[in-house]
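One point on numbering: in numbering that gives the first Met the number 0, the residue at position 416 of the sequence shown is 415, and numbering is uninterrupted.
The beta-carbon is built from N, C-alpha and C at its ideal position, and this holds for glycine as well.
Have a look at the structure below, then the notes.
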Amino acid sequence: MKAYGIFAGGGVKGAALAGCLAAAQDRGVEFVGYGGTSAGAIIALLATVGYRGDEIRDLMLDRLLPGKLLDDGNGKKLAEAQEYLSKAAEIIGSGDKKISKFCSLRRLHKEAGPLAAEISTKLGLYEGKKIQQILLKLIQEKIATLKNHHDITFQDLAKLSLPPLKIVASDITICRAATYSIENQNYSASVLEAVRASISYPFLFVPNATIQQNRLADGGLASNLPSFLFSKERETTLYDVFAFDLMASKADSSNTLIKYFIDLLGTALEASDDLFIQEGSGVHRIPVPITNPEISTLKFDLNQAEVLGLYQDGYAETSKFLNAYPRLSNAKGAGNNLKKGLQIVYGDRKLFEPTLWALTKMILERTKARELRATIMLPTGEPDEGRMVTYDFNFRKNDGDADLFLGSLAGCQGRSFQAKEVSVADLDECGKNPDAWGLDPATLAKMPQDRHSMISAPIFGWTGDNNKPVSELPILGVLSVDSSTLLADTSWVDGATLRADQTPPISEEMRRIMTTWADIFSVLLRYP
0 MKAYGIFAGG GVKGAALAGC LAAAQDRGVE FVGYGGTSAG AIIALLATVG
50 YRGDEIRDLM LDRLLPGKLL DDGNGKKLAE AQEYLSKAAE IIGSGDKKIS
100 KFCSLRRLHK EAGPLAAEIS TKLGLYEGKK IQQILLKLIQ EKIATLKNHH
150 DITFQDLAKL SLPPLKIVAS DITICRAATY SIENQNYSAS VLEAVRASIS
200 YPFLFVPNAT IQQNRLADGG LASNLPSFLF SKERETTLYD VFAFDLMASK
250 ADSSNTLIKY FIDLLGTALE ASDDLFIQEG SGVHRIPVPI TNPEISTLKF
300 DLNQAEVLGL YQDGYAETSK FLNAYPRLSN AKGAGNNLKK GLQIVYGDRK
350 LFEPTLWALT KMILERTKAR ELRATIMLPT GEPDEGRMVT YDFNFRKNDG
400 DADLFLGSLA GCQGRSFQAK EVSVADLDEC GKNPDAWGLD PATLAKMPQD
450 RHSMISAPIF GWTGDNNKPV SELPILGVLS VDSSTLLADT SWVDGATLRA
500 DQTPPISEEM RRIMTTWADI FSVLLRYP
């Protein structure tokens, strides 16, 4: 099934989000858009460019281990700051007289002078440049065409027909959420700058500054779980939103000033959406409790065992939710009936049969082809990347190809898929030269002997960019019509002897009919 994925902030606990992503992918969820805040913004970006959840887990065990993301590469400066604050809190909370406390604090401040000065002037310990460099490298390793880019923009991702990405930071100058996306580039067109702004945990990272000198801080201050990001797209697609929310483990019982301050800040960041998350209208919040009470938001010295524990928390909770999720459980109940499972995901066949009938009726009226059948073949999601007849019209009881499975480039459908345009086939010629069409004897045996001609058109996915060339559009499936009429007599093509190594000249009217109806089915397939 298709859905939008939203990933919450949570500091180093973000490793759990990689488990959420992996569990959803393992259960057949296809995310068509990603959004996130802070740590969730990192996961959303990596998922957008093609990293799977288990790949991100492996990265977090090495190159994305939390301490390595800080500019000093080991978190030493953070550890010094935490020690400084702890000592200061201890002095303040002591029973010493005021003059003694003042002297002790003054001496401590002098010892940590450069560090204290840096925090007070820059408002943060780290510039955040290293994490941008690491993310740039990871994107380039996944997408070779971006290897020479010094930065990655939202437009770069859109040109590659990748799922849309939306990231949230907090504009503390005007006290509003700052949303970055292909539609909203008011703050920056850079994906890396968007992530850098979103992870700006107060006093840990220096706040980003925009061209207008607005200060940007951690997105969690404005919206830690921005489940609203794809509300406009949902009006068209009706796809569900899965919002993965990290739940902090129970706080310890210590009652120090520094602990109180950190808890206050953590609450401000992680509870910012509790009253606003909408559930029951296609937005599903998946809470992920963190089982290890020792892991706090700023525990940047996580070891590999702790990372794996976080990953397992996310994987287990998401699996539990999705195993009981009605649409997925219904598809699972279809057993080995793959066709029925696809219909559960994309919609009841009763939605498609009248439209397929209308297509065949138009072709009957405008061409000489007779005894028409119509099909929609959709990708199965199986490792072989083939397609299966999912919806059909006018198939007879004894037709053996009602559940036909084809490789991604096989048959007339495969040529249409590969060329991204309308294609025709002389089925008699296909039978004589099956290798040229990527067909095997078992597949040919399923085809009724009275089928002599076929025409296919790709069903393109909608990207929201009306100016995007056809070559960059994703393909949802393939629409086909076959006939008992010989291809040369259908009036689908403009004469000519048809051979397997030729591209027949398709009539403009037939091309127009097929592309128009393919666009109609593109809309229907977006409504689950």
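Beta strand (DSSP E) containing residue i: first to last residue?
{"i": "residue 388", "result": "386-392"}
{"i": "residue 1", "result": "1-6"}
{"i": "residue 179", "result": "175-179"}
{"i": "residue 27", "result": "Segment: none, residue 27 is in no beta strand (DSSP E) and carries neither H nor E."}
{"i": "residue 284", "result": "282-288"}
{"i": "residue 298", "result": "Careful: residue 298 lies outside any beta strand (DSSP E) and carries neither H nor E."}
{"i": "residue 419", "result": "Where residue 419 is concerned, there is no enclosing beta strand (DSSP E), given that its DSSP letter is neither H nor E."}
{"i": "residue 475", "result": "474-482"}
For the alpha helix (DSSP H) holding residue i, just list the boundary residues, first then last.
{"i": "residue 190", "result": "190-197"}
{"i": "residue 362", "result": "348-365"}
{"i": "residue 369", "result": "Where residue 369 is concerned, there is no enclosing alpha helix (DSSP H), given that its DSSP letter is neither H nor E."}
{"i": "residue 449", "result": "Taken as a continuous stretch (DSSP letters only), residue 449 belongs to no alpha helix (DSSP H), as it is neither H nor E."}
{"i": "residue 343", "result": "337-345"}
{"i": "residue 522", "result": "507-524"}
Using a Cβ-Cβ cut-off of 6 angstroms (strictly less than) and excluding sequence neighbours within five positions of residue i, which residues of its own chain qualify?
{"i": "residue 422", "result": "411, 414, 415 and 455"}
{"i": "residue 510", "result": "421"}
{"i": "residue 417", "result": "408"}
{"i": "residue 6", "result": "16, 35, 39, 42, 43 and 243"}
{"i": "residue 399", "result": "445"}
{"i": "residue 4", "result": "30, 33 and 241"}
{"i": "residue 373", "result": "355, 358, 359, 392 and 480"}
{"i": "residue 476", "result": "375, 376, 377 and 458"}
{"i": "residue 50", "result": "none"}
{"i": "residue 14", "result": "59, 306, 309 and 310"}
Among the options, which has the Cα closest to the Cα of residue i?
{"i": "residue 34", "options": "125, 165, 480 and 160", "result": "165"}
{"i": "residue 58", "options": "70, 138, 29 and 8", "result": "138"}
{"i": "residue 445", "options": "428, 402, 460 and 453", "result": "402"}
{"i": "residue 244", "options": "230, 236 and 284", "result": "284"}
{"i": "residue 157", "options": "198, 232, 472 and 513", "result": "472"}
{"i": "residue 325", "options": "55, 239 and 405", "result": "239"}
{"i": "residue 529", "options": "23, 6 and 301", "result": "Outside the shown range of the chain (0 to 527) lies residue 529, about which nothing can therefore be said."}
{"i": "residue 347", "options": "321, 390, 311 and 372", "result": "390"}
{"i": "residue 61", "options": "30, 133 and 174", "result": "133"}
{"i": "residue 159", "options": "343, 387 and 143", "result": "143"}
{"i": "residue 419", "options": "425, 399 and 457", "result": "457"}
{"i": "residue 151", "options": "48, 205 and 173", "result": "48"}
{"i": "residue 68", "options": "309, 195, 130 and 20", "result": "130"}
{"i": "residue 474", "options": "429, 18, 397 and 375", "result": "375"}
{"i": "residue 235", "options": "460, 406 and 52", "result": "460"}
{"i": "residue 53", "options": "182, 64, 19 and 442", "result": "19"}
{"i": "residue 172", "options": "180, 186 and 161", "result": "186"}
{"i": "residue 227", "options": "484, 178, 196 and 508", "result": "178"}
{"i": "residue 362", "options": "233, 147, 302 and 479", "result": "479"}
{"i": "residue 443", "options": "434, 506, 430 and 125", "result": "430"}
{"i": "residue 246", "options": "524, 8 and 485", "result": "8"}
{"i": "residue 304", "options": "297, 296 and 291", "result": "291"}
{"i": "residue 539", "options": "453, 385 and 508", "result": "No answer is possible for residue 539: it lies beyond the span of the chain, which begins at 0 and ends at 527."}
{"i": "residue 21", "options": "321, 195, 148 and 63", "result": "321"}
Does residue i pass the burial test, meaning 16 or more other C-beta atoms within 10 Å, or should it be called exposed?
{"i": "residue 10", "result": "buried"}
{"i": "residue 268", "result": "Here residue 268 scores only 49 on pLDDT, less than 50, and its place in the model is too uncertain to base an answer on."}
{"i": "residue 469", "result": "exposed"}
{"i": "residue 168", "result": "buried"}
{"i": "residue 323", "result": "exposed"}
{"i": "residue 278", "result": "At residue 278 the pLDDT is 47, less than 50, meaning the model places this residue with poor confidence and gives no usable figure here."}
{"i": "residue 223", "result": "buried"}
{"i": "residue 175", "result": "exposed"}
{"i": "residue 231", "result": "exposed"}
{"i": "residue 56", "result": "buried"}
{"i": "residue 395", "result": "exposed"}
{"i": "residue 286", "result": "exposed"}
{"i": "residue 12", "result": "buried"}
{"i": "residue 170", "result": "buried"}
Less than 7 angstroms between C-beta atoms, sequence neighbours within five positions excluded: which residues of the same chain meet that for residue i?
{"i": "residue 66", "result": "73, 74, 299 and 300"}
{"i": "residue 427", "result": "451"}
{"i": "residue 162", "result": "30, 31, 32, 33 and 47"}
{"i": "residue 516", "result": "358 and 478"}
Cutting at 8 angstroms between CB atoms, please list the residues of its own chain near residue i, excluding the five before and the five after it.
{"i": "residue 128", "result": "70"}
{"i": "residue 281", "result": "233, 237, 238, 239 and 240"}
Cβ of residue i within 7 angstroms of any heavy atom in the ligand COA?
{"i": "residue 126", "result": "This structure lacks the ligand COA, and indeed carries no ligand of any kind."}
Could one say the Cβ of residue i lies closer than 8 angstroms to chain C's Cβ atoms, at least one of them?
{"i": "residue 429", "result": "Any reference to chain C falls outside this structure, which holds one protein chain only."}
Task: At least three beta-carbon pairs within less than 8 angstroms, the segment 517-526 to the segment 346-359 - done: The segment 517-526 is in contact with the segment 346-359.
Open item on the list: With a threshold of 8 angstroms, are at least 3 pairs of Cβ atoms found where one atom belongs to the segment 335-348 and the other to the segment 428-441?
Closed with: Three or more Cβ pairs closer than 8 angstroms define a contact, and the segment 335-348 falls short of that threshold against the segment 428-441.
- [ ] Count the CB pairs spanning the segment 481-492 and the segment 359-373 that are closer than 8 angstroms, and state whether there are at least three.
- [x] A contact is defined here as three or more CB-CB pairs under 8 angstroms, and the segment 481-492 meets this definition with respect to the segment 359-373.
Task: Validate contact between the segment 37-45 and the segment 186-200 using beta carbons, cut 8 angstroms, 3 pairs - done: The segment 37-45 makes contact with the segment 186-200, as at least three CB pairs between them are under 8 angstroms.
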